[in-house]
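Numbering (full-length UniProt numbering), first residue to last: 1 to 1193.
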Amino acid sequence: MASNPFDDLAVKYVLQDDEAAHGQAAQAAVDQIEQAAGASPTALRAAIGQWVASINRWLVPQADDEDDIISRGKALGFLASTLDRLNPSILRVDQVKLLLAFFCSLFSSDHRAGIDAASKALSSLASMSSFRAIMGNDIIIGITKLGSDDFKRQTPATRLTIYQLVRGLLQNEAVVKDLASQHESSSTFMTALIDLCRNERDPQNLIVWFQILSLFLQNFEPADEVTDEVFKTFSAYFPITLRASAAPSGITVDDLKQTLRSCFSAHQRAARLAIPFLLNKLDQGEAVTVSVKVDILHTLEACLAHYENVQQSVVPYTDQVWSSLKYEVRNGELVDSIEATLKTLATLARRLQGEELQTFLGGVWIDVSDDISNETYTRSAGRLLAAISGASRESFSLSSKQTIPHITATLKNTKSPSHQAELLGVLNALLQVRAVLTEAEGSSELQDDLFGDALFDDVFTRLWSTWTQSQYSPDRPTIIAKLIDGMSYMVMQKSSNGTKERLCSDATCNRAFNWLGTPSIIYPLEGRNFLLGQDDKEYEQIIVGATTALSRLSHLYPSGFQQLLERFLSALGRYAENHSPAGRDLSTIKDVTTRLSIMAFKSEELKQVLVGNTLSLVTALLQGLHTLASASPKYGQAFIEAIHIAIIRPLSTISDSLLKSKQQAPGLGVAESQDWLEQLNTQVQGLPDVNKGNLGDLTKISEDVAKETNDLGLKYQLLLRFSMSLVIQLYRYSLDVRLQHDAENNISIDVKPALLKDADIYLHRLGQFAADVIRYLSEIDQIQLRLGHEAILLFTEPQDADDQETKIARAAGRSDGTWALCRDTHRTAPLVLGIIQSLRPVVLEDLYIHSVVSDLCRRLCTVEPTVIPPDCRAALDAMLLVLSNKLGKVELGLHLDLHSASSAAMHEGFRSAVENNVEARGQKVLLMFLSTLHYLAGDVANYSSNQQRNLLLLELARRAPTWPRVGRQFCRYFEILLGPKDYLTKKSYATIKPLRGQWLYNQIVKPYLAECFPRPAAPGRTGIDDIAATNRSVFVFSLLQHLDYSVWRNEASAILLIVIRALQTFGISKDINTVLEILSKLMEADADLVKEHLRPLITSTLAVYEMARNVYDATGFISDDNVQFSKREAAMCRKLCLAFIGRLPKAFGGTVRHNLLPERQAVLRGLSRACGDPVREVREVAIVARRDWDGLS
1 MASNPFDDLA
11 VKYVLQDDEA
21 AHGQAAQAAV
31 DQIEQAAGAS
41 PTALRAAIGQ
51 WVASINRWLV
61 PQADDEDDII
71 SRGKALGFLA
81 STLDRLNPSI
91 LRVDQVKLLL
101 AFFCSLFSSD
111 HRAGIDAASK
121 ALSSLASMSS
131 FRAIMGNDII
141 IGITKLGSDD
151 FKRQTPATRL
161 TIYQLVRGLL
171 QNEAVVKDLA
181 SQHESSSTFM
191 TALIDLCRNE
201 RDPQNLIVWF
211 QILSLFLQNF
221 EPADEVTDEV
231 FKTFSAYFPI
241 TLRASAAPSG
251 ITVDDLKQTL
261 RSCFSAHQRA
271 ARLAIPFLLN
281 KLDQGEAVTV
291 SVKVDILHTL
301 EACLAHYENV
311 QQSVVPYTDQ
321 VWSSLKYEVR
331 NGELVDSIEA
341 TLKTLATLAR
351 RLQGEELQTF
361 LGGVWIDVSD
371 DISNETYTRS
381 AGRLLAAISG
391 ASRESFSLSS
401 KQTIPHITAT
411 LKNTKSPSHQ
421 AELLGVLNAL
431 LQVRAVLTEA
441 EGSSELQDDL
451 FGDALFDDVF
461 TRLWSTWTQS
471 QYSPDRPTII
481 AKLIDGMSYM
491 VMQKSSNGTK
501 ERLCSDATCN
511 RAFNWLGTPS
521 IIYPLEGRNF
531 LLGQDDKEYE
541 QIIVGATTAL
551 SRLSHLYPSG
561 FQQLLERFLS
571 ALGRYAENHS
581 PAGRDLSTIK
591 DVTTRLSIMA
601 FKSEELKQVL
611 VGNTLSLVTA
621 LLQGLHTLAS
631 ASPKYGQAFI
641 EAIHIAIIRP
651 LSTISDSLLK
661 SKQQAPGLGV
671 AESQDWLEQL
681 NTQVQGLPDV
691 NKGNLGDLTK
701 ISEDVAKETN
711 DLGLKYQLLL
721 RFSMSLVIQL
731 YRYSLDVRLQ
741 HDAENNISID
751 VKPALLKDAD
761 IYLHRLGQFA
771 ADVIRYLSEI
781 DQIQLRLGHE
791 AILLFTEPQD
801 ADDQETKIAR
811 AAGRSDGTWA
821 LCRDTHRTAP
831 LVLGIIQSLR
841 PVVLEDLYIH
851 SVVSDLCRRL
861 CTVEPTVIPP
871 DCRAALDAML
881 LVLSNKLGKV
891 ELGLHLDLHS
901 ASSAAMHEGF
911 RSAVENNVEA
921 RGQKVLLMFL
931 STLHYLAGDV
941 ANYSSNQQRN
951 LLLLELARRA
961 PTWPRVGRQF
971 CRYFEILLGP
981 KDYLTKKSYA
991 TIKPLRGQWL
1001 YNQIVKPYLA
1011 ECFPRPAAPG
1021 RTGIDDIAAT
1031 NRSVFVFSLL
1041 QHLDYSVWRN
1051 EASAILLIVI
1061 RALQTFGISK
1071 DINTVLEILS
1081 KLMEADADLV
1091 KEHLRPLITS
1101 TLAVYEMARN
1111 VYDATGFISD
1121 DNVQFSKREA
1131 AMCRKLCLAF
1141 IGRLPKAFGG
1151 TVRHNLLPER
1161 QAVLRGLSRA
1171 CGDPVREVRE
1181 VAIVARRDWD
1191 GLS
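#1: Distance, Cα to Cα, G442 vs Q541?
#2: Report the residue ranges of all beta strand (DSSP E) runs contained in full by the segment 529-617; include only those spanning at least 3 residues, in chain order.
#3: What residue does the alpha helix (DSSP H) around R972 start on, and which one ends it?
#4: Within the chosen definition, does the segment 825-842 reach the segment 780-794 through at least 3 CB pairs nearer than 8 Å?
#5: Can you look up V314 in the DSSP assignment and give me helix, strand or coil?
#6: Provide the residue span of the alpha helix (DSSP H) that contains N4, from first to last.
#7: What is the DSSP secondary structure of S395, reduced to helix, strand or coil?
#8: Can you find a CB in chain B that lies within less than 8 Å of the CB of F451?
#9: Kindly confirm or deny that the segment 1070-1089 and the segment 995-1015 touch, where touching means at least three C-beta pairs closer than 8 Å.
#10: Between which residues of its own chain and I33 is the CB-CB distance below 6 Å, once the five residues before and five after are set aside?
#11: Please tell me whether N219 and Q182 are closer than 8 Å, where the distance is taken between their beta carbons.
#12: Count the other C-beta atoms from every protein chain shown that fall within 10 angstroms of the C-beta of H1154, then say buried if there are 16 or more, exposed otherwise.
#13: Where does L984 fall in DSSP's three states?
#14: Look at the alpha carbon of P88 and the alpha carbon of F234, and state the distance between them as a whole number of angstroms.
#15: Which of the three DSSP states is assigned to S748 in this structure?
#16: Can you check which of these residues, L516, W51 and S597, is closest to S465 by C-alpha distance?
#17: Take the Cβ of D855 as the centre, count every other Cβ of all protein chains shown within 10 Å, and call the residue buried at 16 or more, exposed below.
#18: Using the beta-carbon count (16 or more within 10 Å), is R201 buried or exposed?
#19: On the criterion of 16 or more Cβ atoms from any shown chain inside 10 Å, does I338 qualify as buried, or is it exposed?
#20: Within the same chain, show all residues whose beta-carbon is closer than 6 Å to that of F530, passing over the 5 residues directly before and after it, in chain order.
#21: Alpha helix (DSSP H) containing V853: first to last residue?
#22: Name the two residues that bound the continuous alpha helix (DSSP H) containing D1066.
#23: If you check the beta carbons only, do S708 and G612 fall under 8 Å apart?
#24: Please report the residue range of the alpha helix (DSSP H) in which N205 lies.
#25: Between which two residues does the alpha helix (DSSP H) containing M492 stretch?
#26: Where does V288 fall in DSSP's three states?
#27: Which residue's Cα is closest to the Cα of A754: Q768, V335 and Y635?
#28: In angstroms with no decimal places, state the Cα-to-Cα distance between I194 and F231.
#29: Whole beta strand (DSSP E) runs in the segment 1138-1170 with 3 or more residues, listed along the chain?
#30: Identify which residue in S988, I275, S723 and V1090 has its Cα closest to the Cα of V618.
#31: Between which two residues does the alpha helix (DSSP H) harbouring Q782 extend?
#32: So which of K500, T403, Q471 and N374 has the shortest CA-CA distance to A435?
#33: Tell me whether S945 is buried or exposed, calling it buried when 16 or more other Cβ atoms sit within 10 Å of its Cβ.
#34: Can you check which of these residues, G354, P417 and Y327, is closest to R383 by C-alpha distance?
#35: How big is the Cα-Cα spacing for L91 and P203?
#36: Taking only the alpha-carbon atoms, compute the straight-line gap between I654 and V690 and give it to the nearest angstrom.
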């Protein structure tokens, strides 16, 4: 007799516990079966028989042996695993039927070993091509033979497999039809399943069981008795909770609630049971917790939303629902339950139509109308009205005919200010609802005649006049805030007949803009009080409300915004006559212009945003700048900042929107047409050109706004073109071009004389505005505009030069080797930085060719007397950083040449400093050192392993700590290499390698850790004195503060010793806070390192606290390195000390408690003193720390 080829595979499967081995054995069986199927039907039949027979040895039970049960289960698992991998089309109908009968028999014959495997096998068979719908009934009948007692004894995982099998069958349409045909309305299979599964408690299993019950209600038409039984089964779990489990399943209580909720809302046939059941639960009063109440309401809302045949399933219960739910809002206090109730009532109203809706609304109005007139219940009545009216257009149309006249009349009759405030809140809510419904689909009109000028006059005009002229009262701020909101909602009202015309006339809209703009824009400029007896808090509230309201309206009624801008300019003219540029005046201009920027652009509805409003606003701001700039350049700061905000907010938002929608943002279009500026002026008439004396025409711009497209890409291109043209205009407006009258006839570009005084901040703001605009230009645009050259010319147009190259050569000073920027007063440095900061590396090649990097290095890295204003010097340093960073992407030969030239210039500067006694050069050598570090910071971000390129970095790191007087400050400045910088970011196209910190640490920190401790000189080793060791420690800490702990984890033990020495020797200086921050970082990352050094750390930290505490009583404190330690820094120092002390009991109170106890008394004394610290935040930390140390006993 031939051997069974499947026997070895079955044995292998049974004897192995590894899942991979099981899979291999099952796959091998599959391969043999599929090979037989390819040979002939006879071969397949024989293979199937052999495959099943291969487990015969394990099928005969041996007494009640546990090992025998496990083996039998594995053997049956072999069959199930094979079926799971088998091609669904291989088995024939008769073979599926035989296998199905075999596995079904296991539910009655082998409830201990065979259930899990049988369930999995049956699931696989049910997915076979030869599976027939009639077999589904056989499976379910077979499952129910298991019996409820044996079913409960199965593991949760096995029961889950059974549930999933049944769910799969009920999701099969053919099986459902067959079951419905066989069992008709009796649905005996379902009652049998309920008897089997009614006591389920496992969360995962309940999820699938609820899905089965829901599928049954949806797909079958059972008798009422069966429906009652099904409802009784799942409703017994309501409200459902979830206990904490030792083996979490990943199922949340919300998952259970949602799935159980789907049972209640599965089909309208459950309505007669579900709605009364839920209302009865809700009416139990205080016995129902808030979470349960919310669950009930969400479940009821789901039922009302999903039941079909509203006439039978919803209408009969309308009165019951309203009667139960209205008190949840009328008397409710908890937000969650109120919101759930309102959502449920809105759903109810949405499902009703025609007479049923009218009847429902009539009953609602009977209850609500009295409440509106009663101040106590006005707010709750308003919530109910807004929710029900907002359910649908039809609901609003029917309800508003009664509510609006009633509210208007009540407002006229009531004498209570607080009642007026509540009524206005109700009216505003209804106006908001109507504005939303106007955009919704539907045929019902929304009572347009009730929401026009008459309502505005009856309510808002009358109350605005009354309350803005009244004396202060506690209700005035609230009422005026609601009037402001209400007027904006009135202007938003549109007709509901499809035309979308505004319901308020232009005159009324203009009045609203006038009233809203007066407190936020006009009166601040006129220095007038808006209200009688107003206080700052009330006025601020009004300004915020008016600004928000106008931001809603500017795109809906652009002509109103244009008129507001004209009023602004008129008020600004009067302001210029009466004010000087004091600090408060600048603040006023800044606040007003910022509000206008917010009003011009509202990002929620991007397609409705009018870029024309931004163009109009910027034009008005340019006119304002022209009006006030003659008084003082200081005013320019405020206007440039406002222009910046007005341009960048919409530009950034639209760009992000295009990116999210995967649309290509269009550029300027320079590549297609060099006349993009002409195209811009053709596209929008009336735009300004300040250098030609044209300040723009708001009226013409306003006319073109009405024609604006809704295409976001075209909006973006228009705004980008306008922004770039504005940068060019403002640069030219701020600069003069002069001939040098030298032998080379060079060109000098400098700030206009009128701006030379008090213009530093203005120029800085203008440069940052240019940087943010240029950042949005594509690489093609930047190349076509030759922005590398413009960094030299600054968009100026020398009239006496024949061509662009000649201008560049003369402005760059190529003939005498000095860039024009380095010949003038350097006031233009912020403007140059504004251009190069956001340029792509390829565009900067023009600058590199003209040797500007080496020019800057020679100019800045010298100790020769050079007068450069601090702000300009900072901009020049930033330029060095940007240029050195992007140099890495320039062609290699040029790259190396430039590095060599730059490094040579800086080396020469330091050689000169050393030769002339670096210690005596004071501030000048510090400035030179700062510039050098900025150059290196850009280079380090784009580091190279080329050691020749890194010689300067390595030399500075080696020598900086050796200078006794200035070394400490030099070392502190090394943080520039890694510290965050606005102009060194990915969005500015900088090259920032992710491992730069780790590379720098290995190059210049790790090799010098040993030099943080003094040591005597020895053969082959230089000595290190206390000062050099301290300086080296400052050097190390300045870089570690910007490095992740993972970078220096391996050296953490050595660094902790450096921290301890620093706490004992640094004294009170800026560096001590850095030390404490690193100690905190180390404590958080690896507390075990700290526990070996608790005593010196505690003693030193308390001592540092005491020294920092002494700073408070002094007017100032100068440390030994002449660096001021302010009171704020001293407070931070004390807070960091106490935070470290306070963490120790929790970190070590259990493990090394014996190390803390000897220090307890000293610490408590120190903390007692700290509890009286003059700074509140420090006291709070001290109090918490003292409590924790008190607990150590």
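From the three backbone atoms N, C-alpha and C, an ideal C-beta is built for every residue, glycine too. Small disclaimer: the values here were computed from a predicted structure and weren't measured.
So, from the listed chains and residues:
#1: By one-based count along the sequence shown, residue 442 stands at place 442. By one-based count along the sequence shown, residue 541 stands at place 541. Each residue's alpha carbon lies about 38 Å from the other.
#2: DSSP runs (the beta strand (DSSP E)) wholly in the segment 529-617: none.
#3: Indexing the sequence shown from 1 puts residue 972 at position 972. Per DSSP, R972 belongs to the alpha helix (DSSP H) from G967 to R972.
#4: Contact holds: three or more Cβ-Cβ distances are below 8 Å.
#5: If you number the sequence shown from 1, residue 314 lands on position 314. Under the three-state reduction of DSSP output, V314 falls in the coil class, being neither helix nor strand.
#6: Within the sequence shown, the letter at position 4 stands for residue 4. Neither: N4 is in no alpha helix (DSSP H) and is coded neither H nor E.
#7: Position 395 of the sequence shown, counting from 1, holds the residue named residue 395. In the structure shown, S395 sits in a helix (DSSP, three-state: H, G or I).
#8: Among the chains in the structure shown there is no chain B, since it carries only a single protein chain.
#9: Touching, no.
#10: Mapped onto the sequence shown, residue 33 falls at position 33. Hits under 6 Å: A47.
#11: Here the question's residue 219 lines up with position 219 in the sequence shown. Here the question's residue 182 lines up with position 182 in the sequence shown. For N219 and Q182, no; Cβs fall outside 8 Å.
#12: The count along the sequence shown starts at 1 and reaches residue 1154 at position 1154. Using a 10 angstroms sphere on the CB of H1154, the tally of other CB atoms stays under 16, which defines it as exposed.
#13: Along the sequence shown, one-based indexing puts residue 984 at 984. In the three-state scheme derived from DSSP, where H, G and I count as helix and E and B as strand, L984 is classed as coil.
#14: Walking along the sequence shown from the start, residue 88 turns up at place 88. Walking along the sequence shown from the start, residue 234 turns up at place 234. In this structure, the straight-line span from the alpha carbon of P88 to that of F234 is close to 35 Å.
#15: To locate residue 748, count along the sequence shown from 1; it is residue 748. Of the three classes helix, strand and coil, the one that applies to S748 here is strand, per DSSP.
#16: The residue labelled residue 465 in the question sits at position 465 within the sequence shown. Of L516, W51 and S597, the residue nearest in Cα terms is L516.
#17: If you number the sequence shown from 1, residue 855 lands on position 855. Buried, since its Cβ has 16 or more Cβ neighbours within 10 Å.
#18: Locating residue 201 in the sequence shown gives position 201, where the first residue counts as 1. Exposed.
#19: Here residue 338 corresponds to residue number 338 of the sequence shown, with the count starting at 1. Buried, because 16 or more other Cβ atoms sit within 10 Å of the Cβ of I338.
#20: Here residue 530 corresponds to residue number 530 of the sequence shown, with the count starting at 1. Exclusion of the five residues before and after F530 leaves P519 and Y523 as the residues of its chain whose Cβ lies within less than 6 Å of its Cβ.
#21: Position 853 of the sequence shown, counting from 1, holds the residue named residue 853. Per DSSP, V853 belongs to the alpha helix (DSSP H) from V852 to L860.
#22: Your numbering for residue 1066 matches position 1066 in the sequence shown. Reading off the sequence shown, one finds Phe at residue 1066, where the question assumed Asp. Boundaries for F1066: no alpha helix (DSSP H) harbours it, and the DSSP string shows neither H nor E there.
#23: If you number the sequence shown from 1, residue 708 lands on position 708. If you number the sequence shown from 1, residue 612 lands on position 612. In the sequence as presented, Ser is not what sits at residue 708; that position holds Glu. The answer is yes: Cβ separation under 8 Å.
#24: Within the sequence shown, the letter at position 205 stands for residue 205. Per DSSP, N205 belongs to the alpha helix (DSSP H) from P203 to N219.
#25: Within the sequence shown, residue 492 is the residue found at index 492, counting from 1. Judged by DSSP secondary structure, M492 falls outside any alpha helix (DSSP H); it is assigned neither H nor E.
#26: What you label residue 288 is simply residue 288 of the sequence shown in a count that begins at 1. In the structure shown, V288 falls within a coil segment according to DSSP collapsed to helix, strand and coil.
#27: As a position in the sequence shown, residue 754 is number 754, starting the count at 1. Minimum Cα distance to A754 is reached at Y635.
#28: Working through the sequence shown from its first residue, we reach residue 194 at position 194. Working through the sequence shown from its first residue, we reach residue 231 at position 231. Distance between the alpha carbons of I194 and F231: 11 Å.
#29: For the segment 1138-1170, not a single whole beta strand (DSSP E) run of length 3 or above is found.
#30: The residue you call residue 618 lines up with position 618 of the sequence shown. Of all alpha-carbon atoms in S988, I275, S723 and V1090, the one lying nearest the alpha-carbon of V618 is that of S723.
#31: The residue you call residue 782 lines up with position 782 of the sequence shown. It spans E779 to Q784 - the alpha helix (DSSP H) in which Q782 sits, taken as one unbroken run.
#32: The residue you call residue 435 lines up with position 435 of the sequence shown. Minimum Cα distance to A435 is reached at K500.
#33: Walking along the sequence shown from the start, residue 945 turns up at place 945. With fewer than 16 other beta carbons inside 10 angstroms of its own, S945 counts as exposed.
#34: If you number the sequence shown from 1, residue 383 lands on position 383. Nearest C-alpha to R383 among G354, P417 and Y327: Y327.
#35: Taking the sequence shown and counting its residues from 1, the one referred to as residue 91 is at position 91. Taking the sequence shown and counting its residues from 1, the one referred to as residue 203 is at position 203. Inter-residue distance for L91 and P203 is about 36 Å (C-alpha atoms, whole angstroms).
#36: Walking along the sequence shown from the start, residue 654 turns up at place 654. Walking along the sequence shown from the start, residue 690 turns up at place 690. Taking the straight line from one Cα to the other gives about 27 Å.
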